[in-house]
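*Asks:* Chains C and X, in that order, give the protein sequences.
Here the UniProt record's numbering is used: position 101 in the first sequence is 101, and no number is missing along the way.
Here the UniProt record's numbering is used: position 111 in the second sequence is 111, and no number is missing along the way.
Protein chains: 2
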Amino acid sequence: MSIFSKLKFKDQAFRLREDAILDATTSILATKGFDLMTMDDVANLIGISKPSLYKHFKSKEELVGAAMIRLLDGASEQLAAFPETFSAKDKLSALLEWALRVRLDGGLPFLPSTSNAVREMLMRNLKYVGRVIKLNSQLEKLVIAAQKNGDLSSKLSSDVILFSYYARSCDPAVEYLQRFSKMDTDSIVENMLRVCFQGLED
Amino acid sequence: MSIFSKLKFKDQAFRLREDAILDATTSILATKGFDLMTMDDVANLIGISKPSLYKHFKSKEELVGAAMIRLLDGASEQLAAFPETFSAKDKLSALLEWALRVRLDGGLPFLPSTSNAVREMLMRNLKYVGRVIKLNSQLEKLVIAAQKNGDLSSKLSSDVILFSYYARSCDPAVEYLQRFSKMDTDSIVENMLRVCFQGLED
DNA sequence: GTCTATAGCTGGATAGAC
DNA sequence: GTCTATCCAGCTATAGAC
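#1: Closer than 8 Å by beta-carbon distance: list the chain X residues that pair up with Asn191(C), in chain order.
#2: Does the beta carbon of Thr26(X) come closer than 8 Å to any beta carbon on chain C?
#3: Since I believe Cys196(X) is in contact with Leu96(X) (beta carbons under 8 Å), could you give me their beta-carbon distance rounded to a whole number of angstroms?
#4: Between Ala117(C) and chain X, is there a C-beta pair that is closer than 8 Å?
#5: So, is Pro109(C) buried or exposed, given that buried needs 16 or more other C-beta atoms within 10 angstroms?
#6: Once DSSP output is grouped into helix, strand and coil, what is the label at Ile161(X)?
#7: Mapping the DSSP letters down to three states, classify Ser153(X) as helix, strand or coil.
#8: Report back the beta-carbon spacing between Tyr128(X) and Gly65(X) to the nearest angstrom; my notes put them in contact at under 8 Å.
#9: How many Å lie between Leu177(X) and Ser157(X) at the Cα?
#10: On the three-state DSSP scale, how would you describe Cys196(X)?
#11: Pick from Ile28(X), Gly33(X), Leu122(X), Thr185(X): whose alpha carbon is nearest that of Val174(X)?
#12: I'd like the list of long-range same chain contacts for Ile188(C), defined as Cβ closer than 6 Å, with 5 residues on each side in sequence excluded.
#13: Would you say Ala94(X) faces chain C, with C-beta separation under 8 Å as the test?
#14: Quick check: Asp151(X) and Ala88(X), are their CB atoms within less than 8 Å of each other?
#15: Kindly indicate the opening and closing residues of the alpha helix (DSSP H) around Leu63(C).
#16: What whole-angstrom Cβ distance do Met121(C) and Glu61(C) have, given they're in contact under 8 Å?
#17: List the residues of chain C whose Cβ lies closer than 9 Å to the Cβ of Arg101(X), in chain order.
#18: Can you check whether the CB of Gly107(X) is closer than 8 Å to the CB of Thr25(X)?
#19: Step through the CB atoms of chain X and report whether any lies within less than 8 Å of the CB of Ala38(C).
#20: By how many angstroms is the C-alpha of Leu53(X) removed from the C-alpha of Thr38(X)?
#21: On the criterion of 16 or more Cβ atoms from any shown chain inside 10 Å, does Met192(X) qualify as buried, or is it exposed?
#22: Tell me the residue span of the alpha helix (DSSP H) that contains Ile46(C).
#23: Since Gly33(X) meets chain C, which of its residues come closer than 8 Å, beta carbon to beta carbon?
#24: Could you check whether the Cβ of Phe110(C) sits closer than 8 Å to any Cβ belonging to chain X?
#25: What is the DSSP secondary structure of Met123(C), counted as helix, strand or coil?
#26: Restricting to Cα atoms, I'd like to know which of Leu200(X), Tyr165(X), Asn116(X) is closest to Asn136(X).
#27: Examine chain C for any beta-carbon lying closer than 8 Å to the beta-carbon of Phe86(X), and answer yes or no.
#28: Only counting the same chain, and skipping five residues up and downstream in sequence, which positions put a Cβ closer than 7 Å to that of Ile69(C)?
#29: Determine the direct distance from the alpha carbon of His56(C) to that of Asp105(X), and round the result to whole angstroms.
#30: Measuring CB to CB, does Asp202(X) end up less than 8 Å from Ser153(C)?
#31: Just how far apart, CA to CA, sit Lys50(X) and Ala43(X)?
#32: Hey, how far is the Cα of Ser181(C) from the Cα of Ile161(X)?
#33: Using CA coordinates, which residue listed in Leu79(C), Leu22(C), Asn116(C), Asp35(C) is at the minimum distance from Ala99(C)?
Encoded structure:
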């Protein structure tokens, strides 16, 4: 028992600390973005020194990659947990709602939407790319199924729908509404979903 | 004549060079973003030295501010040039189309959408803020008029519509479609406009 | 006004003591 | 594994020669 439990305990503590590091990283990424986030920021926020941080993640790229992977895994979990009674469009809507709430709660947007450099960096991270491909193929199937149902427009190609769907998960209108209007979280989410699926007309 | 024309000539050459600098700045901003754009990048692209660049713009912030101001002025010009036969919604649609085409042609997105730091920097630029306020008030009036017409939804607050409209002008789906699909510029614009106003359903 | 050269600073990453 | 101290590259901005 002794050795194994000790290892296990160490491993647990290690994982807990890594999770704390990723929490800090996520929070800073969400506010400052990749370029302005420094390793000192992360280390200071959790009260360790920079070299200690580098014992856990050997580069800034790897650290950010790990945070993004955790986010994608969260999305996959959500998707898997939706009841089978949900239609394809229900699932897409519910997942977008989850992503918007994560962001409104100080979390990350899915996509490094503006920065080519960040996207390219992530695309060199095989683990991350694997997660993206898996999630993307699931969502693509949902889009196509919803189009067959008539729940999403058949006048649009599935590419257009899928990319626009991704874009809504990191729509800057969310932050503008949070900052400049008096709307509460639920109203913002409700309105963003409506705009996504019904558009600005009607 | 001599003195005046000489001054005028110098002034003209100066303006031409400034325009070239702003073109270079715009192009680099569009690809690398603010944080990764260096003053060396700008100077090298137009073949002058960095100190010469600083003779024209006394800081990176001022340079980027000037580029953004020129962009906003372009938008205002467009808006003023639309025929009076256009409805409020026609104008909003045509202006969004113009913005999307500018971006597809390698230009800047309107908003520093992701980066708080860039937005805050711009908000310290009074000239820029003045342009934003002016354009915003024009667009707000158009939105409200279009809602009265029934051309835009009255179930949404004008804030939600306006912020979502801004967001569409820097929608990352544009770049994704340009990069990963085989669609041509006109099709991308057409689809983006449709998604903006009609949404993903229908 | 244009350049070369450099100051001054910041941030990613590491050496080496404990 | 943790820290202090430091290296080194790259960037903004400027001094000073021509």
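Just so it is clear, CB atoms sit at the ideal spot from N, CA and C, and this is done for glycine as well.
*Replies:* This is what the structure gives:
#1: Here the question's residue 191(C) lines up with position 191 in the first sequence. Leu156, Ser157, Val160, listed in chain order.
#2: By one-based count along the second sequence, residue 26(X) stands at place 26. Among the residues facing chain C, Thr26(X) is not included, as its CB has no counterpart in that chain under 8 Å away.
#3: Residue 96(X) sits at position 96 when you count from the first residue of the second sequence. Residue 196(X) sits at position 196 when you count from the first residue of the second sequence. Right, their Cβ atoms sit about 7 Å apart.
#4: Position 117 of the first sequence, counting from 1, holds the residue named residue 117(C). Closer than 8 Å: yes.
#5: For the purposes of this step, residue 109(C) is taken as residue 109 along the first sequence, with counting starting at 1. Buried is the call here.
#6: As a first step, residue 161(X) must be located in the second sequence, where it is residue number 161. Here Ile161(X) sits in helix by DSSP.
#7: What you label residue 153(X) is simply residue 153 of the second sequence in a count that begins at 1. Ser153(X) falls in the coil class under three-state DSSP.
#8: The residue given as residue 128(X) occupies position 128 in the second sequence. The residue given as residue 65(X) occupies position 65 in the second sequence. Rounded, the Cβ-Cβ distance is 5 Å, consistent with contact.
#9: Counting from 1 along the second sequence, the entry for residue 177(X) is found at position 177. Counting from 1 along the second sequence, the entry for residue 157(X) is found at position 157. Whole-angstrom Cα-Cα distance: 30 Å.
#10: Locating residue 196(X) in the second sequence gives position 196, where the first residue counts as 1. Collapsing the DSSP output to three states places Cys196(X) in a helix.
#11: Within the second sequence, the letter at position 174 stands for residue 174(X). The closest CA to that of Val174(X), considering only Ile28(X), Gly33(X), Leu122(X), Thr185(X), is found on Thr185(X).
#12: Numbered from 1 along the first sequence, position 188 holds the residue referred to as residue 188(C). Around Ile188(C): Leu177.
#13: One-based indexing of the second sequence puts residue 94(X) at position 94. It does not: the Cβ of Ala94(X) has no partner Cβ on chain C nearer than 8 Å.
#14: On the second sequence, residue 151(X) is found 151 positions in, with the first residue counted as 1. On the second sequence, residue 88(X) is found 88 positions in, with the first residue counted as 1. Against a cut-off of 8 Å, the Cβ pair of Ala88(X) and Asp151(X) comes out as a contact.
#15: Stepping through the first sequence from its first residue, residue 63(C) is reached at position 63. For Leu63(C), the enclosing alpha helix (DSSP H) starts and ends at 60-81.
#16: Here residue 121(C) is taken as the residue at index 121 of the first sequence, counted from 1. Here residue 61(C) is taken as the residue at index 61 of the first sequence, counted from 1. The Cβ separation is near 6 Å, so the contact holds.
#17: Here residue 101(X) refers to the residue found at position 101 of the second sequence. Going along chain C, no residue has its Cβ under 9 Å from Arg101(X), so there is no contact; the nearest lies around 17 Å.
#18: Within the second sequence, residue 25(X) is the residue found at index 25, counting from 1. Within the second sequence, residue 107(X) is the residue found at index 107, counting from 1. In terms of Cβ geometry, Thr25(X) and Gly107(X) do not form a close pair [threshold 8 Å].
#19: Translated into positions along the first sequence, residue 38(C) becomes position 38. Looking at the sequence provided, one finds Thr at residue 38(C) rather than Ala. Chain X contact via Cβ: absent.
#20: Within the second sequence, the letter at position 38 stands for residue 38(X). Within the second sequence, the letter at position 53 stands for residue 53(X). Spanning the two alpha carbons is a distance of roughly 12 Å.
#21: The residue labelled residue 192(X) in the question sits at position 192 within the second sequence. Burial call: buried.
#22: Walking along the first sequence from the start, residue 46(C) turns up at place 46. Counting along the chain, the alpha helix (DSSP H) containing Ile46(C) begins and ends at 39-46.
#23: Walking along the second sequence from the start, residue 33(X) turns up at place 33. Correct list: Asp35, Thr114, Ser115, Asn116, Ala117.
#24: Reading the first sequence from its first residue, position 110 is the one you call residue 110(C). Chain X contact via Cβ: absent.
#25: Residue numbering aside, residue 123(C) sits at position 123 when the first sequence is read from its first letter. Collapsing the DSSP output to three states places Met123(C) in a helix.
#26: Taking the second sequence and counting its residues from 1, one reaches residue 136(X) at position 136. The shortest C-alpha separation from Asn136(X) is found at Tyr165(X).
#27: For the purposes of this step, residue 86(X) is identified with residue 86 of the second sequence, where counting begins at 1. For Phe86(X), the answer is no, since every Cβ of chain C falls outside 8 Å of its Cβ.
#28: Taking the first sequence and counting its residues from 1, the one referred to as residue 69(C) is at position 69. The residues are Lys127, Tyr128, Arg131.
#29: Mapped onto the second sequence, residue 105(X) falls at position 105. Mapped onto the first sequence, residue 56(C) falls at position 56. Per the coordinates, the alpha-carbon of Asp105(X) lies some 43 Å from the alpha-carbon of His56(C).
#30: Looking up residue 202(X) in the second sequence gives position 202. Looking up residue 153(C) in the first sequence gives position 153. Cβ distance < 8 Å, so Asp202(X) and Ser153(C) count as in contact.
#31: Within the second sequence, the letter at position 50 stands for residue 50(X). Within the second sequence, the letter at position 43 stands for residue 43(X). Rounded to the nearest angstrom, the two C-alpha atoms are 5 Å apart.
#32: Numbered from its first residue, the first sequence carries residue 181(C) at position 181. Numbered from its first residue, the second sequence carries residue 161(X) at position 161. In this structure, the straight-line span from the alpha carbon of Ser181(C) to that of Ile161(X) is close to 12 Å.
#33: Your numbering for residue 99(C) matches position 99 in the first sequence. Selected option, being the one with the closest Cα: Leu79(C).
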